[in-house]
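A.B. asks: Please read through the structure below; I'll follow up with questions.
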Amino acid sequence: MLQAAGVGDGDEVIVPAFGNPEVAEAVVQAGAIPVFADIDADTYCVDPAHVADLVSVRTAAAIAVHRFGHRADIARLHELGSRHGLLVLEQGESEKPYGEVAQRRMHAAYLSSRLNGVRTPAGHDGHTYQQYVVRVPGNGRPDRDAFARVLRGKGVACGVPVKTPVHRLPAFRRDVALPETERAADETLALPVDGTLSRRELQRVVSACNALGGLLQPAF
Numbered sequence: 004m005l006q007a008a009g010v011g012d013g014d015e016v017i018v019p020a021f022g023n024p025e026v027a028e029a030v031v032q033a034g035a036i037p038v039f040a041d042i043d044a045d046t047y048c049v050d051p052a053h054v055a056d057l058v059s060v061r062t063a064a065a066i067a068v069h070r071f072g073h074r075a076d077i078a079r080l081h082e083l084g085s086r087h088g089l090l091v092l093e094q095g096e097s098e099k100p101y102g103e104v105a106q107r108r109m110h111a112a113y114l115s116s117r118l119n120g121v122r123t124p125a126g127h128d129g130h131t132y133q134q135y136v137v138r139v140p141g142n143g144r145p146d147r148d149a150f151a152r153v154l155r156g157k158g159v160a161c162g163v164p165v166k167t168p169v170h171r172l173p174a175f176r177r178d179v180a181l182p183e184t185e186r187a188a189d190e191t192l193a194l195p196v197d198g199t200l201s202r203r204e205l206q207r208v209v210s211a212c213n214a215l216g217g218l219l220q221p222a223f
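Numbering-wise, the sequence shown is residues 4 to 223 according to the working numbering.
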């Protein structure tokens, strides 16, 4: 799509740094230069305000990635694109059947009403909970990675959704300040929310997390 729009040598394309490197790789394959933007702390999608700060005479496009079931603020990005003559592209997540989304939302509501010691996802009507991503406050003992190891030891499947932001990978290293991206990479943990989970399995997740919650700083 970038190549079809004439984006290429010397152009800059603004992309989120929080996520996998595929989007930045596509920009490079088109001959353009990826410029990394910070994210919104609640949705983990690219922050339109920071995108606006990054626009230069070389900027040709911006790419938004919908993350974890949150949708990026496409309306604000299109407004920005119209103002500066930028191409705005979206990368979506694979859609799940309506019934599974409804079940995931029910499971997410159960978890959010019972978990403590972690910051639960910002819920909204459009959230499809492709992943149920919490924040483990980083007071150092235990940190997110230690928290995850204990959960796995108790039989709770969990994973770090983004281990290293793209701007910290060797192929794309940039000396830029992206505080929300860095914080999210350090704190986020995906807990199971699959529609096939039983109530007993959800209770196990809550019990395992809350047993550690008292060791962490309060979630805000």
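No residue lacks a Cβ here, since even glycine has one placed at the ideal position from N, Cα and C.
Any idea if glutamate 225 is buried or exposed, counting beta-carbon neighbours within 10 angstroms, 16 or more meaning buried?
C.D. replies: The first residue shown for the chain is 4 and the last is 223, placing residue 225 beyond what the model contains.
A.B. asks: Which of the three DSSP states is assigned to threonine 184 in this structure?
C.D. replies: In the structure shown, threonine 184 sits in a helix (DSSP, three-state: H, G or I).
A.B. asks: Under the three-state reduction of DSSP, which class applies to leucine 205: helix, strand or coil?
C.D. replies: Helix, per DSSP.
A.B. asks: Can you tell which of Met4, Gly9, Pro195 has its C-alpha closest to the C-alpha of arginine 107?
C.D. replies: With distances taken between Cα atoms, arginine 107 lies closest to Pro195.
A.B. asks: What is the C-beta distance between arginine 147 and leucine 192, in whole angstroms, given that I count them as a contact (C-beta under 8 Å)?
C.D. replies: About 6 Å separates the two Cβ atoms, so the contact holds.
A.B. asks: Please list the terminal residues of the continuous alpha helix (DSSP H) segment that includes glutamine 94.
C.D. replies: Careful: glutamine 94 lies outside any alpha helix (DSSP H), inside the beta strand (DSSP E) at 90–94.
A.B. asks: Does DSSP put phenylalanine 21 in a helix, in a strand, or in coil?
C.D. replies: Correct three-state label for phenylalanine 21: coil.
A.B. asks: Should the stretch 16–29 be regarded as contacting the stretch 151–158, the criterion being three or more beta carbon pairs within less than 8 Å?
C.D. replies: The stretch 16–29, when compared against the stretch 151–158, does not touch it at the 8 Å Cβ threshold.
A.B. asks: For valine 169, which residues from the same chain have a beta carbon less than 6 Å from its beta carbon, with the 5 sequence-adjacent residues on both sides left out?
C.D. replies: The residues are Ala20, Pro24, Ala27, Phe175.
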